[in-house]
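If you number the sequence shown the way full-length UniProt numbering does, the last residue is 480 and the count never jumps. Everything on this sheet refers to the single structure shown next.
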Amino acid sequence: MAKTNGERSATDSTSVPDSTRASDTLVVFGITGDLGRKMTLRSLYRLERRGLLDCRVIGVASTDMSTAQLVAYARETVAATGEQVEDAVFQRFAGRLTYVHGDVLDDALYAQLAREIGPGHRPLYYLEMPPALFAPIVERLGKADILGTACVAVEKPFGNDLESARELNARLRAVLDESQLLRVDHFLGKEPVIELEYLRFANPALAGLWDRNSVSAVQITMAEDFGVEDRGKFYDSVGALRDVVQNHLLQVLALVTMDPPTRADADSVRDKKAEILGAVRAADPEHCVRGQYAGYADVPGVAAGSTTETFTALRLEVENWRWADVPFFLRTGKKLPLRATEVRLLLRRAPRLACLPTPTQAEQNQIVLRIDPDPGLRVQLVGQGGDEAWRPINLNASFAPDVGEPFEPYERLLHSALTGDHRLFTREDSVEESWRIVQPLLDNPPEVHPYQPGSWGPEEAKRLVRGHPSWREPWTGPAR
Ligand SMILES: NC(=O)C1=CN([C@@H]2O[C@H](COP(=O)(O)OP(=O)(O)OC[C@H]3O[C@@H](n4cnc5c(N)ncnc54)[C@H](OP(=O)(O)O)[C@@H]3O)[C@@H](O)[C@H]2O)C=CC1
Ligand SMILES: O=C1O[C@H](COP(=O)(O)O)[C@@H](O)[C@H](O)[C@H]1O
1 MAKTNGERSA TDSTSVPDST RASDTLVVFG ITGDLGRKMT LRSLYRLERR GLLDCRVIGV
61 ASTDMSTAQL VAYARETVAA TGEQVEDAVF QRFAGRLTYV HGDVLDDALY AQLAREIGPG
121 HRPLYYLEMP PALFAPIVER LGKADILGTA CVAVEKPFGN DLESARELNA RLRAVLDESQ
181 LLRVDHFLGK EPVIELEYLR FANPALAGLW DRNSVSAVQI TMAEDFGVED RGKFYDSVGA
241 LRDVVQNHLL QVLALVTMDP PTRADADSVR DKKAEILGAV RAADPEHCVR GQYAGYADVP
301 GVAAGSTTET FTALRLEVEN WRWADVPFFL RTGKKLPLRA TEVRLLLRRA PRLACLPTPT
361 QAEQNQIVLR IDPDPGLRVQ LVGQGGDEAW RPINLNASFA PDVGEPFEPY ERLLHSALTG
421 DHRLFTREDS VEESWRIVQP LLDNPPEVHP YQPGSWGPEE AKRLVRGHPS WREPWTGPAR
């Protein structure tokens, strides 16, 4: 979409992938940071190994070091993630790397960057930086005249609440077209999250069940069995709601509930997501439970007397014809009994089984999409369990054998961004809708209840589902 002076498009209707949006240079701001160390360098190395990396990579940070030192750091870092480093592959990757250091608030850095990029290139600027620096960097790229038609990818969090997200959008959009702006949410790069669209829309067997006529409640669980560890300072200013609900879990909810997109371009899916998030009623603090695990206060960086939540459970309503009156229960927490992320549809109950000598009510049928770990699909049915009873029959399918070695989320997102495929990035409207949904919980946060590490959060979380199906333990164990 062409950018015109003073008038910037709010949409991105580019086809996929759009070669006119492809980049020939990747500039990673913050390459020496935690995310760079854990994810970015490894993902770029994996893309190299797959033969899918086809551009220069310029790393930017404030640490004073040479390109040779960045190369050595990259090798160490990739190996430390557990990746097998193949010499020939790494040599090819190293040949792409350059390092530029300086303060991103200093104009001199951009002059140096302009020389390094050279004329006639279309870079992708990837900002894995403290979020307060997103707008200052983009403004300086504009001022240095090295933005042009380049794309800019920004990490999460996008704003801290609705107002700050709008302000950030306004500052970025004063310099960039929406079609140049890629908001990263790594959940959208997860294979099973992408699978959701296919499962729902390519399978009439599932599509026919996917509404209020068949579904009585939906539970979305993101449980982590580890704590905040060394991220105390960051996490304490954020909490579970901002860290994963506003972004990851609401994006999953949108994919579970939206209507099918009608075209393949980037905007078609994003239109449907914005539409469905717009139909979600703003969260009610009465229908939200917050918790904090015992011991959180001792994590370095956590403020004394902190009331930041490490657990949250909430109920949401989608007000449209497909989903009216179906409660959506979302819960997430640190230091829970296990690590699992799943979407569970609980179908309406069958009538009591009059064929049994003692008519009994059987367990509800359930459809479970497991996102992490070991992605797969489970359909839970009911079968014969003797004269008096029923028993569950679980039809489990793992996605692993079908997809080979899947892309890591950041591998997929970097490749999509570099090749001009913008479908996996969030758009301004849905980001703002997500903040609107959680804003009442930020304005009037419910009391925070303590919980024991290894438990399923505070007891109050059970109260939230009273009158509805109780929380089901996530599906664990191998899918096949
Ligand atoms: N860490 C994670 O697991 C995840 C992080 N994110 C997001 O990614 C982004 C980065 O996070 P993370 O990597 O943890 O942050 P870090 O604090 O670990 O890294 C920040 C990076 O920014 C650089 N930097 C900071 N200030 C300046 C400056 N003034 N001039 C030049 N460079 C500067 C640092 O360079 P140097 O060290 O050389 O000073 C470093 O490379 C954040 O938006 C975060 O929310 C998203 C998902 C997960
Ligand atoms: O963005 C974040 O996500 C991770 C969980 O991501 P996953 O891909 O490992 O499931 C979460 O632990 C972290 O707190 C949050 O910032």
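Backbone N, C-alpha and C define an ideal beta-carbon position, used for all residues, glycine too.
Best match in G208, I437, L381, A22 for proximity to N247 [C-alpha to C-alpha]: As a first step, residue 247 must be located in the sequence shown, where it is residue number 247. With respect to the C-alpha of N247, the residue from G208, I437, L381, A22 having the closest C-alpha is I437.
Quick one: residues in its chain with C-beta nearer than 6 Å to the C-beta of R378, no 5 flanking neighbours on either side, listed in chain order? Looking up residue 378 in the sequence shown gives position 378. So the list reads V368, N394, N396, W475, once near-sequence residues are dropped.
Looking at I220 and V269, is the spacing between their C-beta atoms short of 8 Å? Position 269 of the sequence shown, counted from the first residue, corresponds to residue 269. Position 220 of the sequence shown, counted from the first residue, corresponds to residue 220. Contact flag unset, no.
What does the alpha-carbon distance come out to for the pair D107 and L314? On the sequence shown, position 107 is the one that residue 107 refers to. On the sequence shown, position 314 is the one that residue 314 refers to. Their Cα atoms are separated by approximately 45 Å.
List the residues that DSSP assigns as beta-bridge partners of R391. As a working note, residue 391 is residue 391 in the sequence shown. In the DSSP output, where bridge partners are listed per residue, R391 has G383.
For R270, which of helix, strand or coil comes out of DSSP? Your numbering for residue 270 matches position 270 in the sequence shown. Helix.
Pick out the complete alpha helix (DSSP H) segments inside the stretch 259-313, 4 residues or longer, and give them in chain order. Look at the stretch 259-313 and you find these whole runs of alpha helix (DSSP H), each 4 residues long or longer: 266-278.
Between the beta-carbon of G333 and the beta-carbon of A240, is there less than 8 Å? Residue numbering aside, residue 333 sits at position 333 when the sequence shown is read from its first letter. Residue numbering aside, residue 240 sits at position 240 when the sequence shown is read from its first letter. Cβ atoms of G333 and A240: closer than 8 Å.
In whole angstroms, give me the CA-to-CA distance for G51 and A88. Residue numbering aside, residue 51 sits at position 51 when the sequence shown is read from its first letter. Residue numbering aside, residue 88 sits at position 88 when the sequence shown is read from its first letter. The alpha-carbon atoms of G51 and A88 are separated by roughly 12 Å.
Within this structure, are the beta carbons of L371 and P192 separated by less than 8 Å? Indexing the sequence shown from 1 puts residue 371 at position 371. Indexing the sequence shown from 1 puts residue 192 at position 192. Rather than Leu, the amino acid found at residue 371 in this sequence is Ile. The answer is yes: Cβ separation under 8 Å.
Could you tell me which whole beta strand (DSSP E) segments of length 3 or greater appear in the stretch 127-172? Complete beta strand (DSSP E) runs here, min 3: 151-154.
Beta-carbon proximity of L41 to H186, cut-off 8 Å: Residue mapping note: residue 41 aligns to position 41 of the sequence shown, counting from 1. Residue mapping note: residue 186 aligns to position 186 of the sequence shown, counting from 1. Annotated as distal: L41 and H186, with beta-carbon spacing of 8 Å or more.
Counting beta carbon pairs with one atom in the stretch 282-290 and one in the stretch 333-349, are three or more of them shorter than 8 Å? The stretch 333-349 makes no contact with the stretch 282-290: fewer than 3 CB pairs, one atom from each, lie closer than 8 Å.
Do you know how far the Cα of L424 is from the Cα of L182? On the sequence shown, position 182 is the one that residue 182 refers to. On the sequence shown, position 424 is the one that residue 424 refers to. L182 and L424: Cα-Cα distance of roughly 9 Å.
On the premise that Q361 lies in contact with L347, defined as a C-beta separation below 8 Å, what is that separation, rounded to the nearest angstrom? Along the sequence shown, one-based indexing puts residue 347 at 347. Along the sequence shown, one-based indexing puts residue 361 at 361. Not confirmed; about 14 Å, so no contact.
May I ask whether a heavy atom of ligand 1 can be found less than 7 Å away from the beta carbon of G30? Stepping through the sequence shown from its first residue, residue 30 is reached at position 30. Yes, the beta carbon of G30 sits closer than 7 Å to at least one heavy atom of ligand 1.
Is L52 helix, strand or coil when you go by DSSP? Here the question's residue 52 lines up with position 52 in the sequence shown. Here L52 sits in coil by DSSP.
Hey, could you find the ends of the alpha helix (DSSP H) T358 is sitting in? Position 358 of the sequence shown, counted from the first residue, corresponds to residue 358. Unbroken run through T358: none, as it is neither H nor E.
Within the same chain, show all residues whose beta-carbon is closer than 6 Å to that of K233, passing over the 5 residues directly before and after it, in chain order. Here the question's residue 233 lines up with position 233 in the sequence shown. Answer for K233: G301, listed in chain order.
Would you list the residues sitting across from F329 in a DSSP beta bridge? Position 329 of the sequence shown holds residue 329. Under the DSSP definition of a beta bridge, F329 partners with Q219, R315.
Validate contact between the stretch 26-39 and the stretch 113-125 using beta carbons, cut 8 Å, 3 pairs: The stretch 26-39 vs the stretch 113-125: in contact.
If you run the structure through DSSP and keep just helix, strand and coil, what is P450? On the sequence shown, residue 450 is found 450 positions in, with the first residue counted as 1. DSSP places P450 in strand when its eight states are reduced to three.
How close, in whole Å, do the beta carbons of E155 and E128 come, if the pair is a contact with beta carbons under 8 Å? If you number the sequence shown from 1, residue 155 lands on position 155. If you number the sequence shown from 1, residue 128 lands on position 128. Rounded, the Cβ-Cβ distance is 5 Å, consistent with contact.
Check whether A279 and N320 have beta carbons under 8 Å apart: Your numbering for residue 279 matches position 279 in the sequence shown. Your numbering for residue 320 matches position 320 in the sequence shown. A contact, by the Cβ cut-off of 8 Å.
In whole angstroms, what is the alpha-carbon distance linking L70 and E86? The count along the sequence shown starts at 1 and reaches residue 70 at position 70. The count along the sequence shown starts at 1 and reaches residue 86 at position 86. For the pair L70 and E86, the Cα-to-Cα distance works out to about 18 Å.
Which partner residues does S398 have in the DSSP bridge list? What you label residue 398 is simply residue 398 of the sequence shown in a count that begins at 1. Beta-bridge pairing links S398 to G376.
Same chain only: Cβ atoms within 7 Å of E342, ignoring 5 sequence neighbours per side: Within the sequence shown, the letter at position 342 stands for residue 342. T221, V368, L369, R370, I371, P474, W475.
A150 versus L176, L250, K143, residue with shortest Cα-Cα distance: Your numbering for residue 150 matches position 150 in the sequence shown. Per the Cα distances, L176.
Reducing DSSP to helix, strand and coil, say where E405 ends up. As a working mapping, residue 405 is identified with position 405 in the sequence shown. Correct three-state label for E405: coil.
State yes or no: is the C-beta of L345 within less than 8 Å of the C-beta of V215? Here residue 345 refers to the residue found at position 345 when the sequence shown is read from its first residue. Here residue 215 refers to the residue found at position 215 when the sequence shown is read from its first residue. Yes, the Cβ-Cβ distance between L345 and V215 is below 8 Å.
Rounded to whole angstroms, how far is the Cβ of G102 from the Cβ of S66, which I believe are closer than 8 Å? The count along the sequence shown starts at 1 and reaches residue 102 at position 102. The count along the sequence shown starts at 1 and reaches residue 66 at position 66. Cβ-Cβ separation between G102 and S66: approximately 14 Å, too far for a contact (criterion under 8 Å).
Smallest Cα separation from R171: which of L441, E428, V465? By one-based count along the sequence shown, residue 171 stands at place 171. Comparing Cα positions, the closest option is E428.
Taking Cβ positions, are V60 and I31 nearer each other than 8 Å? By one-based count along the sequence shown, residue 60 stands at place 60. By one-based count along the sequence shown, residue 31 stands at place 31. Less than 8 Å separates the beta-carbon of V60 from that of I31.
Beta-carbon contacts of L47 that lie in its chain and below 7 Å, excluding the five residues immediately before and after: Here residue 47 corresponds to residue number 47 of the sequence shown, with the count starting at 1. Only L53, E411, L414, H415 meet the Cβ criterion.
Of the choices G33, G454, L441, F90, whose alpha-carbon is the least far from that of E286? Your numbering for residue 286 matches position 286 in the sequence shown. The shortest C-alpha to C-alpha distance from E286 to any of G33, G454, L441, F90 is the one to L441.
Taking the alpha-carbon of A165 as reference, which of A479, A135, R466 has the nearest alpha-carbon? Locating residue 165 in the sequence shown gives position 165, counting from the first residue. Nearest option by C-alpha distance: A135.
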